[in-house]
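*Asks:* Handing you this structure, nothing more for now.
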Amino acid sequence: MRADGLLAMLDRWGRWALPGAVLLFFVLLTLAPLRAPYLSGALPLLPALVVFQFSLATPERLPGPLLLAMGILLDLLLGGPGAPVGVSALGFVLIRAAVVNNRRYLVGVPFLFQWFGFCLLVLGFVVLVWFFTALWTWTAIDPVPALMQYAVVIVLYPLLAPLLARVRARDPLNVPDESRGTARPGETTS
């Protein structure tokens with residue numbers, strides 16, 4: 071086997087495995103014992119940020135079964151006895167579906183529009199998890215901790231999103247093929 075054939079194959083595998091590996095890292099990061107008072111409480115929402123960012127550029131690299139597995143793993147790691155398992159998986163799949171269906175509004179736009187889209191999707195995710203947990207346990211759950219998680223992850227988004235954008239593979243021009251220019255390098259238009 072040729073060296074560039076092996077390197078090309080490893081590169082291809084690495085590109086396909088990267089979103090799942092980054093998502094797994096952030097799922098495991100939710101267990102990190104941090105000494106920051108509000109930061110450690112917001113970590114369960116960081117995998118949702120990863121799902122949002124990778125769904126912008128390469129949604130095919132975050133297939134549904136991977137999202138289901140990571141969501142169930144997150145629920146098993148964070149949930150106590152009686153906590154609903156699968157609610158994070160449902161949220162991850164819904165975030166990916168919403169981003170894929172609205173990519174034309176979220177890709178190639180200023181950062182503030184992407185941030186606003188993330189704010190809306192994560193608010194829906196927080197409400198979904200809070201509602202299903204309250205329904206499953208049949209108790210009134212205080213929504214303030216969930217809203218604090220939401221506020222902290224919204225503040226962390228401008229710090230982490232550019233880093234994840236550099237990690238994830240990007241679309242070449244983020245525009246449809248038929249609207250791309252046909253000029254070659256060095257040519258000018260009149």
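Numbered per this note's numbering, the sequence shown spans residues 71 to 260.
The beta-carbon is built from N, C-alpha and C at its ideal position, and this holds for glycine as well.
Looking only at C-alpha atoms, which of N172, L160 and P117 sits nearest to A127?
*Replies:* N172
*Asks:* What are the complete alpha helix (DSSP H) segments, minimum 4 residues, inside the region 154-222?
*Replies:* 157-171, 173-176 and 181-207
*Asks:* Based on Cα-Cα distance, which residue from L176, P114 and I165 lies nearest to L146?
*Replies:* P114
*Asks:* Kindly indicate which three-state DSSP category G149 falls into: helix, strand or coil?
*Replies:* coil
*Asks:* Looking only at its own chain, which residues have a Cβ that is under 7 angstroms from the Cβ of R166, when we skip the five neighbours before and after it?
*Replies:* V121, S125, P129, L132 and L137
*Asks:* First and last residue of the alpha helix (DSSP H) that includes L116?
*Replies:* L116 to A127
*Asks:* Where does P89 land, buried or exposed, given buried means 16+ other C-beta within 10 angstroms?
*Replies:* The residue in question, P89, is buried, as its Cβ has 16 or more Cβ neighbours within 10 Å.
*Asks:* Keeping to the same chain, check which residues put their C-beta closer than 7 angstroms to that of L101; ignore five residues upstream and five downstream.
*Replies:* L147
*Asks:* What residues in its chain sit with their C-beta under 8 angstroms from that of A153, if we drop five residues either side in the sequence?
*Replies:* Cβ within range, chain order: D145, T203, W206 and T207.
*Asks:* Do V192 and A118 count as a contact pair if the criterion is CB distance below 7 angstroms?
*Replies:* yes
*Asks:* When the cut-off is 7 angstroms and only beta carbons count, does V223 lie next to chain C?
*Replies:* In the displayed structure, chain C is absent; only one protein chain is listed.
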